[in-house]
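Take a look at the structure set out below.
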Amino acid sequence: MRTIEHWIAGKPTRGVSDRTAPVFNPASGQQQAEVVLADATDVESAIAAARDAFPDWSQTSISRRTKVLFAFREIVNRRASELAEAITDEHGKVLSDALGEVQRGLEVVEFACGIPTLLKGDYSDQVSTDVDTWSFREPLGVCAGITPFNFPAMVPMWMFPVAIACGNTFVLKPSERDPSASLLIAEMWQEAGLPDGVFNVVHGDKVAVDTILDSPDVAAVSFVGSTPIARYIHERGSATGKRVQALGGAKNHAIVLPDADMDFAAEHLAAAAFGSAGERCMAISAAVAVGDAGDRVVAAVNERARSVVVGSGRDDSSEMGPVVTRQAQERIVGLIDSGERQGASIEVDGRGYTVPGFEDGFFVGPTVIDRVSTEMDVYTEEIFGPVLSVVRTETVDDAIALINANPYGNGTAIFTNSGEAARRFQRGVHVGMIGINVPVPVPMAYYSFGGWKDSLFGDKHVHGPEGVSFYTRAKVVTARWPHSSHASDASFHFPTSK
Ligand code: NAD
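Residue numbers for the sequence shown follow the numbering used here, beginning at 215 and rising by one.
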């Protein structure tokens, strides 16, 4: 059995903990490896490696840091299929989707390659007589990333390229369910010439996370995962004085107005609900059909849901793979059962789905549930599976009110041909990322990614300008160079400009 180890100070490390967790291939349902689970000593070694690497890396010139980032970009590009295969084998998503995730992560690396421009400060000449002021930003120190299973490459890549480009060092604690991608990334950094200790990986569970949160040597924590854990990370990390950005779960709605192109809307709804088996924080899990759009969109989505090709992520013909674990499969099926019990209409039923040759795989077929009400568990729970619930409302304002009453605020979309309705929606919804005829509106790397309400704890979004701001702190210098002809203007009153 292959053992997946930590990566500390530039090499694979078994650590002292003897705890491990199984890593499955979700398509076959078989265990394929075990991952070591760090105890506090292992995490402290990774943090110490990052702390020791910080003085040199933070003093390395911007142009040398940029060269390492460009080299890293080339290597990730060259080894993208290797990374995608590791993702598919442990997460289950289809290979083209895994390659798409690597591509979106790479865009953050490309953004971070622009760090010379991003770190330019401000300068004001002669703010007072013979006095100038300028500002610049410095790195924080050791930054940590704690990441979810659903994007084992892209979500860590939302964080570390920017953190490292800014001159910080990094400890990544990836999901224990699909840990291999993070080690490939560590090897790629080393090949790119990143000094040992600047990027470290520790595998583990709550023990590892709590050690990071309590460490006085960690300056900032970026977290992405479910809402209860995000809230916990924000509270515990903030209590020890760290900067914390903690992105949580989601319930993303897409409004369908009667004037929308129904075929276009149904195609895109199906892709947004069933792509990656619904295990995307920006997946659409609730369609809000307004007025007579309801029957038309449900008929079109049902047809598309029935035609989705489900199979192993390694099979090129598959459009959708399995979900990540047996527990996830059972939880999703249990929620579909609850929808049926609570009176919703199961239009397309993905329960009991089997794929020939992969009978033990963790598959759930695409599922469409109509006439869902906001009290039902399928609406209140984040299902995180290939299940689209349809809620019906009378007007677009009712639909906006419904979205605003939901505790999450990650992403949302509208399908319409009315610019007026789209603008009302865009301005009225309390959600961080909005799509207009774009169902999965994940911002490009040079914008920042983040939700509102229970989808984000902390005030900075990831990557883009807010990422640079999160991983640095500002200094403002006020200076003058007196010369002998100047009379001294020292005074005991508070300094004001002249
Ligand atoms: P999760 O919250 O179970 O795990 C996330 C991380 O937290 C993992 O590294 C895990 O090891 C760690 N963790 C788990 N339980 C912990 C505990 N009790 N104490 C401390 N650490 C703990 O999430 P997941 O199941 O891996 O990922 C799916 C979730 O992530 C969904 O809710 C999804 O919406 C969310 N997500 C959100 C975004 C976003 O951008 N907002 C992006 C991707 C995923």
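Where is the CB? At the ideal position from N, CA and C, for every residue including glycine.
One question on the structure: do residue i and residue j come within less than 8 Å of each other, judged by their Cβ atoms?
i    : j    : result
L670 : G462 : yes
H467 : T588 : no
G575 : S277 : no
D584 : V522 : no
I560 : I550 : yes
G527 : G411 : no
K689 : S349 : yes
Y567 : V524 : yes
A474 : T630 : yes
A726 : N414 : One cannot answer for residue 726 here, as it falls past the ends of the chain, which runs 215 to 712.
V691 : T347 : yes
N516 : V470 : no
I426 : V385 : yes
G599 : A491 : yes
D668 : Y593 : no
V250 : H417 : yes
V578 : Q556 : no
F365 : E405 : no
L283 : A379 : yes
I597 : I628 : no
Which first and last residues belong to the alpha helix (DSSP H) in which residue i is found?
i    : result
P679 : 678-684
I550 : 540-555
A294 : 294-305
S521 : 507-521
L333 : Premise fails: L333 is in no alpha helix (DSSP H) and is neither H nor E.
A479 : 476-488
P370 : 368-379
Just confirm the distance between the C-beta atoms of residue i and residue j, as a whole number of angstroms; I'd bet it's less than 8 Å.
i    : j    : result
G646 : G665 : 4 Å
A713 : L398 : The chain is shown from 215 up to 712; residue 713 falls before or after that span and cannot be answered.
V376 : Y685 : 6 Å
R450 : L354 : Actually they do not touch by this definition, with Cβ atoms about 18 Å apart.
M371 : G319 : 3 Å
T234 : E219 : Their Cβ separation, rounded to whole angstroms, is 10 Å, which puts T234 and E219 out of contact at 8 Å.
S662 : V652 : In fact, because the Cβ distance is near 17 Å, the residues do not count as touching under 8 Å.
Could you spell out where the beta strand (DSSP E) holding residue i opens and where it closes?
i    : result
T594 : Premise fails: T594 lies in the alpha helix (DSSP H), 591-594, not in any beta strand (DSSP E).
T255 : Here T255 belongs to no beta strand (DSSP E); instead the alpha helix (DSSP H) covers 254-273.
V562 : 559-562
V323 : It is not in any beta strand (DSSP E) - V323 instead sits in the alpha helix (DSSP H) that spans 309-326.
V504 : 498-504
P240 : Note, P240: premise wrong, no beta strand (DSSP E); not H, not E.
W221 : 220-222
K712 : First-last for K712: undefined, no H or E at that position.
Going by DSSP, which residues form a beta bridge with residue i?
i    : result
F663 : V676
I597 : According to DSSP, which records beta bridges pairwise, I597 is partnered with nothing at all.
K689 : F350
G359 : L386, S436
For the segment 387-468, list the alpha helix (DSSP H) runs that are entirely contained and at least 4 residues long, ordered along the chain. 394-406, 420-428, 441-453
Taking only runs of the alpha helix (DSSP H) that begin and end inside the segment 608-666, which ones reach a length of at least 4 residues, in chain order? Here the runs fully enclosed are 610-619, 633-642.
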